[in-house]
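Asks: So for the sequence shown, the numbering used here puts the first residue at 5; every next one is plus one.
Backbone N, C-alpha and C fix where the C-beta goes; we use that ideal spot for every residue, glycine too.
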Amino acid sequence: MALARARDVAFVRFRVPDLEVMRSFLEDFGMVVAGQDENALFMRGHGTAPFLHVSERGEAGFIGFGIWIDDEGEFEQLARSEGLSPEQSIEPGGGRILRLTDPDGYQVEVLCGQRAVDPLPVPEHVPWNQGSTYPRTAFPRRVGRRPSHVLRLGHVVVAVTSFATSEAWYKDRFGFLTSDEIRPTPQAPAMGAFMRCDRGEDTCDHHTLFLVERPGGPGFIHSAFEVADLDDLMAGHEHLKATGRDHFWGVGRHLLGSQVFDYWKDPWGHEIEHWTDGDQLPAVHEAGAGSIEDLLGVQWGMKMPGGLG
Ligand SMILES: [Fe+2]
Numbered sequence: 005m006a007l008a009r010a011r012d013v014a015f016v017r018f019r020v021p022d023l024e025v026m027r028s029f030l031e032d033f034g035m036v037v038a039g040q041d042e043n044a045l046f047m048r049g050h051g052t053a054p055f056l057h058v059s060e061r062g063e064a065g066f067i068g069f070g071i072w073i074d075d076e077g078e079f080e081q082l083a084r085s086e087g088l089s090p091e092q093s094i095e096p097g098g099g100r101i102l103r104l105t106d107p108d109g110y111q112v113e114v115l116c117g118q119r120a121v122d123p124l125p126v127p128e129h130v131p132w133n134q135g136s137t138y139p140r141t142a143f144p145r146r147v148g149r150r151p152s153h154v155l156r157l158g159h160v161v162v163a164v165t166s167f168a169t170s171e172a173w174y175k176d177r178f179g180f181l182t183s184d185e186i187r188p189t190p191q192a193p194a195m196g197a198f199m200r201c202d203r204g205e206d207t208c209d210h211h212t213l214f215l216v217e218r219p220g221g222p223g224f225i226h227s228a229f230e231v232a233d234l235d236d237l238m239a240g241h242e243h244l245k246a247t248g249r250d251h252f253w254g255v256g257r258h259l260l261g262s263q264v265f266d267y268w269k270d271p272w273g274h275e276i277e278h279w280t281d282g283d284q285l286p287a288v289h290e291a292g293a294g295s296i297e298d299l300l301g302v303q304w305g306m307k308m309p310g311g312l313g
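Quick look at the structure:
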């Protein structure tokens, strides 16, 4: 039984030498400034989270990520087990916070009671005319030339030194459930897993956290943000291309998780993903297993450049 259950990942935190350069990139990516001072930049999406992406001034690198816990009793149980006293967060949305360090030294900030903000407008969802069903009649579809509308942080992907150690560390504290394990051969031990939150009968994304052992050793792999829909993702793709941003992989449809994806790199080379139309699973869904080919393969679209690294 886990000490607590994560509701979702809350944000990612980086250090970068130039906050203005990061701000300009993230605005092109589809985020909105939530707060900024000399030393830190907080960016939000169009959903209800007060921020999704934090940049602190410094040498470029990944610091860690945030996790929301809704249940106060579980939050306090986790604090006691870690021997920590919760602090009051002074960042947008406030709430109480615990700062943990995972087995590879990434900072995991656990938030409880953060205040939501009002969502920002997103394009109205107009159903598609497809098959023999034509719900859009006498009404032209106009997408516009503009950035995507980032709604929320969907998942974080990190390479770890030992998958077994890190898997146990995260599952014991946050109740993550395995959606699909990755095995190089069906008999080999798992080298990684797509994990989701335990929301009981309520569904959640196929993966919230993906941990993997890779040849290149531990390190940040990517953070992934949900956008409004397919047109919104493609409009964002065109916008990022037009503004000379660094494209990495996409557009395509993943196999494990099924998302339509599009990967870019921030000005310091951190991978960052737009996605839409991912699988939703309840807690009872049985874990599956996939190969490395399943992990990196696509159902359609651009093949992954370079592999796992
Ligand atoms: Fe992803």
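Is it buried or exposed, GLU95, if we count other Cβ atoms within 10 angstroms and call 16 or more buried?
Replies: Buried.
Asks: So HIS159 and PHE224 are in contact, right, with Cβ under 8 Å, and what is the actual spacing, rounded?
Replies: The Cβ separation is near 13 Å, so there is no contact.
Asks: Give the DSSP bridge partners of GLY305, in chain order.
Replies: GLY256, per the DSSP bridge assignment.
Asks: Return helix, strand or coil for GLN263, following the three-state DSSP convention.
Replies: If DSSP states are grouped into helix, strand and coil, GLN263 belongs with coil.
Asks: Going by DSSP in three states, HIS243 sits in which element: helix, strand or coil?
Replies: DSSP places HIS243 in helix when its eight states are reduced to three.
Asks: Applying the 10 Å Cβ sphere with the 16-neighbour rule, what's the burial state of VAL216?
Replies: By the neighbour-count rule (16 or more Cβ atoms within 10 Å), VAL216 is buried.
Asks: Using the Cα positions of MET199 and ALA142, report the straight-line distance between them to the nearest angstrom.
Replies: Spanning the two alpha carbons is a distance of roughly 43 Å.
Asks: Assuming GLU171 and ALA197 make a contact with CB atoms under 8 Å, what is their CB distance in whole Å?
Replies: Confirmed, Cβ separation roughly 6 Å.
Asks: Given this structure, state the Cα-to-Cα distance separating VAL121 from THR189, to the nearest angstrom.
Replies: For VAL121 and THR189, the distance between alpha carbons rounds to 46 Å.
Asks: Less than 8 Å separating the Cβ of VAL147 from some heavy atom of ligand 1?
Replies: Answer for VAL147: no, Cβ out of range of ligand 1.
Asks: Looking only at its own chain, which residues have a Cβ that is under 7 Å from the Cβ of SER85, when we skip the five neighbours before and after it?
Replies: So the qualifying residues of the chain are LEU7.
Asks: Does ILE94 come out as helix, strand or coil in the three-state DSSP assignment?
Replies: ILE94 falls in the coil class under three-state DSSP.
Asks: Excluding the 5 residues flanking GLY204 on each side, which residues of the same chain have their C-beta closer than 7 Å to its C-beta?
Replies: Closer than 7 Å at the Cβ level, and outside the excluded window around GLY204, lie ALA287.
Asks: Measuring alpha carbon to alpha carbon, tell me which residue in ARG100, GLY39, TYR138, ASN43 is nearest ASP22.
Replies: Closest option to ASP22, Cα to Cα, is ASN43.
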